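Numbering (our numbering), first residue to last: 577 to 871.
All C-beta atoms, glycine included, are put in the ideal place defined by N, C-alpha and C.
Keep in mind that this is a model prediction, so the values were computed, not measured.
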Amino acid sequence: MKNPVMTASGCYGYGLSYVDFYPPDLLGAMVVKGLYREAWRGNPPLRVVETPAGMLNAVGLEGPGVDSFICNELQQLREYGATVIANVAGHSVEEYACVAQRLSEAKGIAGLELNISCPNVSQGGMAFGTDPRMIFELVSAVRKVTSLPVIAKLSPNVTDIRVTARAAEDAGADALSVINTLLGMSIDIRTRRPRLGNITGGLSGPAIRPVAIRMVWQVAQVVNIPIIGQGGIMTAEDAVEFILAGARAVAIGTANFVNPMAPLQVIEGLRQYCIENNVDDINDLVGKVVIELGK
Numbered sequence: 577m578k579n580p581v582m583t584a585s586g587c588y589g590y591g592l593s594y595v596d597f598y599p600p601d602l603l604g605a606m607v608v609k610g611l612y613r614e615a616w617r618g619n620p621p622l623r624v625v626e627t628p629a630g631m632l633n634a635v636g637l638e639g640p641g642v643d644s645f646i647c648n649e650l651q652q653l654r655e656y657g658a659t660v661i662a663n664v665a666g667h668s669v670e671e672y673a674c675v676a677q678r679l680s681e682a683k684g685i686a687g688l689e690l691n692i693s694c695p696n697v698s699q700g701g702m703a704f705g706t707d708p709r710m711i712f713e714l715v716s717a718v719r720k721v722t723s724l725p726v727i728a729k730l731s732p733n734v735t736d737i738r739v740t741a742r743a744a745e746d747a748g749a750d751a752l753s754v755i756n757t758l759l760g761m762s763i764d765i766r767t768r769r770p771r772l773g774n775i776t777g778g779l780s781g782p783a784i785r786p787v788a789i790r791m792v793w794q795v796a797q798v799v800n801i802p803i804i805g806q807g808g809i810m811t812a813e814d815a816v817e818f819i820l821a822g823a824r825a826v827a828i829g830t831a832n833f834v835n836p837m838a839p840l841q842v843i844e845g846l847r848q849y850c851i852e853n854n855v856d857d858i859n860d861l862v863g864k865v866v867i868e869l870g871k
């Protein structure tokens, strides 16, 4: 990666929607929307609801399926020279492994992010990502079928994220994405009905940033593999917080909907921060939060 700024899966489509704003090869990497073995319709509407300092989504990983992505979007992304990380979804361990193997055979994939934390699907996703034993089994199965870097995307909807982080590392994950969305709900008080068609959805945006930073810091204390911090990053200052907490890279999610130029602004902001603070290498900031107990 030429810089530590990525886009978060589900918030950047398959990359082609943003090429009119800037060339995708300016990013450290893009993480494309989740891919099942077959096309998937997702959840019924409404799928997105704005909330204070964030949004709830219950899209449900709608997508064209892995083969369609490889034949269409991936081919175009290669022409742009983009660094592409594919987000792998599945309803079973076998499906995750099948999709991972298919992507590993395709030209132009730099890594695989395992979506074991989406709260908007009834099978797979968070159902796998809250059980350390299931995480170990799933990551192990994918590890056997690919030589690509494997990134496990962790759910915040657990009692102790350090336990699931260690399970993913022990199973062979090369990196961790911390965190996915928090499970939330919104009710229309006029109709007295849930605003989302799926009833509940994933909360993202600035509202969850303090939770995400805390979890990155906790995970950094117990694993030896790189962490990709995400959750409500809107500015370079937000990204620096994640890096100081222990993230080696950051992913921009909801900010893309508000400001399509957000990733490039974060990249430039990080550059300026390093200049102003006499930092020669941004990696020197990783995990350098100063903790003074008792104060």
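**Report entry** Nearest residue (CA-CA) to Asp559, options Thr627, Gln652 and Gly636
**Finding:** Only positions 577 to 871 of the chain appear in this structure, which leaves residue 559 out of reach.
Query - Option nearest Gln651 by Cα separation, candidates Ala682, Pro621 and Asn663 - result: On the sequence shown, position 75 is the one that residue 651 refers to. Considering only alpha carbons, the answer is Ala682.
Requested in this report: List the endpoints of the continuous beta strand (DSSP E) containing Leu759.
Outcome: Taking the sequence shown and counting its residues from 1, the one referred to as residue 759 is at position 183. Looking at the DSSP string, the run of the beta strand (DSSP E) that includes Leu759 is Leu758 to Met761.
Report task. Let me know the secondary structure DSSP gives Tyr590 once reduced to three states. Result -> Position 14 of the sequence shown, counted from the start, is the residue given in the question as residue 590. Three-state DSSP puts Tyr590 in coil, outside helix and strand.
Query raised in the report: According to the neighbour-count rule (16 or more other Cβ atoms, all chains shown, within 10 Å of its Cβ), is Ala615 buried or exposed?
Result: Walking along the sequence shown from the start, residue 615 turns up at place 39. The residue in question, Ala615, is exposed, as its Cβ has fewer than 16 Cβ neighbours within 10 Å.
Query - Euclidean distance between Cα positions of Cys587 and Thr757 - result: Walking along the sequence shown from the start, residue 587 turns up at place 11. Walking along the sequence shown from the start, residue 757 turns up at place 181. Cα to Cα, Cys587 sits roughly 12 Å from Thr757.
Query raised in the report: Are the C-beta of Ile804 and some C-beta of chain B separated by less than 7 Å?
Result: Going by chain labels, chain B is absent from the structure shown, which holds only one protein chain.
Query raised in the report: Looking at the structure shown, is Glu689 part of a helix, part of a strand, or coil, going by DSSP?
Result: Indexing the sequence shown from 1 puts residue 689 at position 113. Glu689: strand per DSSP, three-state reduction.
Query raised in the report: Do you know offhand how far Leu730's Cα is from Arg738's?
Result: Locating residue 730 in the sequence shown gives position 154, where the first residue counts as 1. Locating residue 738 in the sequence shown gives position 162, where the first residue counts as 1. About 10 Å.
Requested in this report: Identify which residue in Arg771, Gly760, Arg790 and Pro770 has its Cα closest to the Cα of Gly777.
Outcome: As a first step, residue 777 is located in the sequence shown; it is residue number 201 there, counting from the start. With distances taken between Cα atoms, Gly777 lies closest to Gly760.
Query raised in the report: How far does the beta strand (DSSP E) with Ser780 in it reach, from first residue to last?
Result: Taking the first residue of the sequence shown as 1, we reach residue 780 at position 204. Taken as a continuous stretch (DSSP letters only), the beta strand (DSSP E) holding Ser780 covers Thr776 to Ser780.
Query raised in the report: So, is Val866 buried or exposed, given that buried needs 16 or more other C-beta atoms within 10 angstroms?
Result: Start at 1 with the first residue of the sequence shown, and residue 866 comes out as number 290. The residue is exposed, with fewer than 16 neighbouring Cβ atoms inside 10 Å.
Query - 6 Å CB neighbourhood of Pro621 in its chain, flanking five on each side removed - result: Locating residue 621 in the sequence shown gives position 45, counting from the first residue. Hits under 6 Å: Gly773.
Query raised in the report: Just how far apart, CA to CA, sit Glu844 and Ala812?
Result: Walking along the sequence shown from the start, residue 844 turns up at place 268. Walking along the sequence shown from the start, residue 812 turns up at place 236. Their Cα atoms are separated by approximately 8 Å.
**Report entry** Residue span of the beta strand (DSSP E) that contains Gln806, given as start and end
**Finding:** On the sequence shown, position 230 is the one that residue 806 refers to. Where Gln806 is concerned, the enclosing beta strand (DSSP E) stretches over Ile803 to Gln806.
**Report entry** Entirely enclosed alpha helix (DSSP H) segments - the stretch 780–847, minimum 4 residues
**Finding:** 785–796, 812–821 and 831–834
Query raised in the report: Can you give the Cα-Cα distance for Phe704 and Gln794, rounded to whole angstroms?
Result: Reading the sequence shown from its first residue, position 128 is the one you call residue 704. Reading the sequence shown from its first residue, position 218 is the one you call residue 794. Computed Cα separation, rounded: 21 Å.
Report task. Please report how far the alpha carbon of Pro802 lies from the alpha carbon of Val726, in whole angstroms. Result -> Residue mapping note: residue 802 aligns to position 226 of the sequence shown, counting from 1. Residue mapping note: residue 726 aligns to position 150 of the sequence shown, counting from 1. Rounded to the nearest angstrom, the two C-alpha atoms are 11 Å apart.
Query raised in the report: Which term fits Pro599, buried or exposed, when burial requires 16 or more other beta carbons within 10 angstroms of its beta carbon?
Result: Start at 1 with the first residue of the sequence shown, and residue 599 comes out as number 23. Exposed is the call here.
Requested in this report: With a 10 Å radius around its C-beta and 16 neighbouring C-beta atoms as the bar for buried, classify Ser698 as buried or exposed.
Outcome: Within the sequence shown, the letter at position 122 stands for residue 698. Per-residue confidence for Ser698 stands at a pLDDT of 49, beneath the threshold of 50, marking its modelled position as unreliable; no derived number is given.
Query raised in the report: What's the C-alpha gap between Phe818 and Gly805?
Result: For the purposes of this step, residue 818 is identified with residue 242 of the sequence shown, where counting begins at 1. For the purposes of this step, residue 805 is identified with residue 229 of the sequence shown, where counting begins at 1. For Phe818 and Gly805, the distance between alpha carbons rounds to 6 Å.
**Report entry** Candidates Asn619, Ala823 and Ala605: closest to Asn663 by CA position
**Finding:** To locate residue 663, count along the sequence shown from 1; it is residue 87. Of the listed residues, the one whose Cα sits closest to Asn663 is Ala605.
**Report entry** Among Arg847, Leu688, Thr722 and Glu649, the one whose alpha carbon lies nearest that of Asn579
**Finding:** Sequence index remark: in the sequence shown, residue 579 carries index 3 (1-based). Closest option to Asn579, Cα to Cα, is Arg847.
**Report entry** Backbone secondary structure at Glu626 - three-state DSSP
**Finding:** The count along the sequence shown starts at 1 and reaches residue 626 at position 50. Of the three classes helix, strand and coil, the one that applies to Glu626 here is strand, per DSSP.
**Report entry** Limits of the unbroken beta strand (DSSP E) element including Ser753
**Finding:** Position 177 of the sequence shown, counted from the first residue, corresponds to residue 753. Counting along the chain, the beta strand (DSSP E) containing Ser753 begins and ends at Ala751 to Val754.
**Report entry** Boundaries (first-last residue) of the alpha helix (DSSP H) holding Ala615
**Finding:** Here residue 615 refers to the residue found at position 39 when the sequence shown is read from its first residue. No alpha helix (DSSP H) holds Ala615; DSSP gives it neither H nor E.
Query - Reduced DSSP secondary structure (H/G/I, E/B, other) of Pro770 - result: Position 194 of the sequence shown, counting from 1, holds the residue named residue 770. It is a strand residue.
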